[in-house]
Every structure is written in C-alpha cells, then in structure tokens.
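Numbering (this note's numbering), first residue to last: 333 to 593. To keep things clear, I will list the structure first and then write my remarks on it.
Written out as structure tokens, the structure reads:
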C-alpha cells in the first residue's frame, strides 16, 4: 500500500460503503420528485440473452416488484434453441426451443411477469445497426421506468449482446429510464462485477427458486451456483439472500430511504 496512509485508506473505504445501498430501485417523476415502489405503478423490464437469465439474475427483484402490483416484463433475445444442449439431449433445436420457451413462460407466471422473445439464435446473437434499431424500438415501446440487463464483461457472447443492445437503447431514449446491470454465474460468466446496489430477496427466496426450477432444461450446477451467489451477496449487505446490481450513475437518480450496507 505504498503512498496510501492508513487514515486515507479508511476514509476511502468509508466513502465506498456509503455509496452502496439496499432496497428496491426507485425512480423520478417528470417533475423531478423521487417516487418509491409504493407511490406509483412502475414498469420493470429485465433483458437476458436466454430464456432463464432474467429469472436467475433478477428473479427476486422481479417478484418483489410484481408482488407490489407493478408491471414486470422479461425479455429474452433467444427462444432457447441452444445447439450444444440440443445435441446433448438428442433433441431437434426447434423442439428444444419450444420446450424451453414454454418453461420460461411458466417461470415468469410464478414471478407474476410476462415474457417476450426475440428471434436471435443462441450462441449466434448479433450486434449490428439493424439489431440496434430493432431492439431499441421494441424496448422503448414498452416505456420502461427501470431496466436491468447483463453486465457487459461476461464470458458468454449472448450476454454481451444483450448488454450492448440495452445500453444503446438507453442512449437512444435520452437516458430516460433507470439502468441496472445484473450478474449470472459469477466467476464462470460474469466477471469483475463490483455492485453498488443490493436488493434483499429473503422474503421471496422460495418464489424465485420455484420460478428457476420451472426451467426444467438447465445446465448441471446452474441453480447451486446462483444460490451460492445470492447468499454471498446477502452476507455483503447484511441479510440472508440478496441480488446485487451496478446502477449506471448517469441514469435517473435513485433515492434510497432504507439502510446503507
């Protein structure tokens, strides 16, 4: 720690802790007033590369919003037509996509949300001018107040695609909606993720688990990894289980009235 005194290190650490907050993300009205999840009906959109990403990365937060009677939408770039999984199962890709899409709809029903599928192809998702335009039109037509998407530094190319398309749509919107990045399979997929916002999902832990297990075709070890991840995030912010996010500082301001982590 050359060049940094103990006092300076402690001061810097306290500033970091003070910047980390817990609770549901809030948003602002056109008049600039901060509105909580209890004051007006909000729309939350969670963008994922695959049919099970929104539920695994944000399922608890989705449930909390939906249980407060807000509108929650999960958006998957693909239908679940993973060629490696189809080959492993000995199942035609179209049959696999139909099965996984149906599971995803059931999963979102448990979270009291609706599912939207785009027609990109698993492991072959595209980022180009045409898709920037098409995705932005679809997302902005939803008129979201809060949007969650993948953290862009991720080993899976489809997650990076989802993140970049969402970020571009946010820019096209005039940076109007609150933008958050979420994690999946931390360490294996999401990399160098340093959250600045936590949501305590303890009271909806079972609801999230049930929703995730509604996705009957998954990679071995998928749920245990996410369960460990949310327990670790819970330890970080002082609760049983939590979901962690990075809030984009240039997106609409959030005002957390609950405790600092």
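All residues carry an ideal CB built from backbone N, CA and C; glycine is no exception. Because the structure is a prediction, the values reported are computed rather than measured.
Closest Cα partner of residue 404 within the set 419, 387, 418: In the chain shown, residue 404 corresponds to position 72, counting from 1. Ranking 419, 387, 418 by Cα distance to residue 404 puts 387 first.
Is residue 518 near the ligand ZN, judged by its Cβ being under 7 Å from some heavy atom? Within the structure as shown, the ligand ZN is missing, as the structure has no ligands at all.
Excluding sequence positions up to five away, which residues of its chain have a Cβ less than 6 Å from the Cβ of residue 480? Residue 480 sits at position 148 when you count from the first residue of the chain shown. Contacts found: 378, 390, 512, 514.
Quick one, are the C-beta atoms of residue 432 and residue 549 less than 8 Å apart? Counting from one through the chain shown, the residue named residue 432 turns up at place 100. Counting from one through the chain shown, the residue named residue 549 turns up at place 217. Going by C-beta atoms, residue 432 is nearer than 8 Å to residue 549.
Going by C-alpha to C-alpha distance, which of 434, 417, 444 sits closest to residue 375? Looking up residue 375 in the chain shown gives position 43. Out of 434, 417, 444, 444 has the C-alpha closest to the C-alpha of residue 375.
Between residue 529 and the rest of its own chain, which residues show a CB-CB distance below 6 Å, the 5 nearest in sequence each way excluded? For the purposes of this step, residue 529 is identified with residue 197 of the chain shown, where counting begins at 1. Hits under 6 Å: 353, 577, 579.
Taking the DSSP output, what are the residues bridged to residue 478? As a first step, residue 478 must be located in the chain shown, where it is residue number 146. Per DSSP, 376, 510.
Taking just the CA atoms, how far does residue 507 sit from residue 476? Stepping through the chain shown from its first residue, residue 476 is reached at position 144. Stepping through the chain shown from its first residue, residue 507 is reached at position 175. One C-alpha to the other measures close to 11 Å.
Could you check whether the stretch 533-542 touches the stretch 490-502, counting it as contact only if at least three pairs of C-beta atoms, one from each stretch, sit closer than 8 Å? no
For residue 467, which residues from the same chain have a beta carbon less than 7 Å from its beta carbon, with the 5 sequence-adjacent residues on both sides left out? Reading the chain shown from its first residue, position 135 is the one you call residue 467. Excluding residues within five positions, the ones whose Cβ falls inside 7 Å are 497, 501.
Cα separation between residue 422 and residue 545? Here the question's residue 422 lines up with position 90 in the chain shown. Here the question's residue 545 lines up with position 213 in the chain shown. So the alpha carbons of these two residues sit roughly 22 Å apart.
DSSP three-state assignment for residue 564, whether helix, strand or coil: Locating residue 564 in the chain shown gives position 232, where the first residue counts as 1. Note: residue 564 maps to helix in three-state DSSP.
Between the alpha carbons of residue 333 and residue 417, how many angstroms are there, rounded? Locating residue 333 in the chain shown gives position 1, counting from the first residue. Locating residue 417 in the chain shown gives position 85, counting from the first residue. Low local confidence applies: a pLDDT of 41 at residue 333 is under 50, so the model's placement there is unreliable, and no value is given.
Can you name, in chain order, every residue of its own chain whose Cβ lies under 8 Å from the Cβ of residue 453, other than the five neighbours on each side? Here residue 453 refers to the residue found at position 121 when the chain shown is read from its first residue. Excluding sequence neighbours, residue 453 sits near 410, 413.
Could you check which residue in 523, 392, 440 has the C-alpha nearest to that of residue 487? The residue given as residue 487 occupies position 155 in the chain shown. Ranking the options by Cα distance to residue 487, first place goes to 523.
The alpha helix (DSSP H) enclosing residue 442, as first and last residue numbers: For the purposes of this step, residue 442 is identified with residue 110 of the chain shown, where counting begins at 1. Counting along the chain, the alpha helix (DSSP H) containing residue 442 begins and ends at 425-442.
Helix, strand or coil at residue 575 according to DSSP, with G and I counted as helix: What you label residue 575 is simply residue 243 of the chain shown in a count that begins at 1. Looking at residue 575 - three-state DSSP - the assignment turns out to be strand.
Per DSSP, the bridge partner or partners of residue 404: In the chain shown, counting from the first residue as 1, residue 404 sits at position 72. Looking at the DSSP assignment, residue 404 forms a beta bridge with 376.
Whole angstroms are fine: how far does the CA of residue 451 sit from the CA of residue 441? Stepping through the chain shown from its first residue, residue 441 is reached at position 109. Stepping through the chain shown from its first residue, residue 451 is reached at position 119. When rounded, the distance between both Cα atoms is 21 Å.
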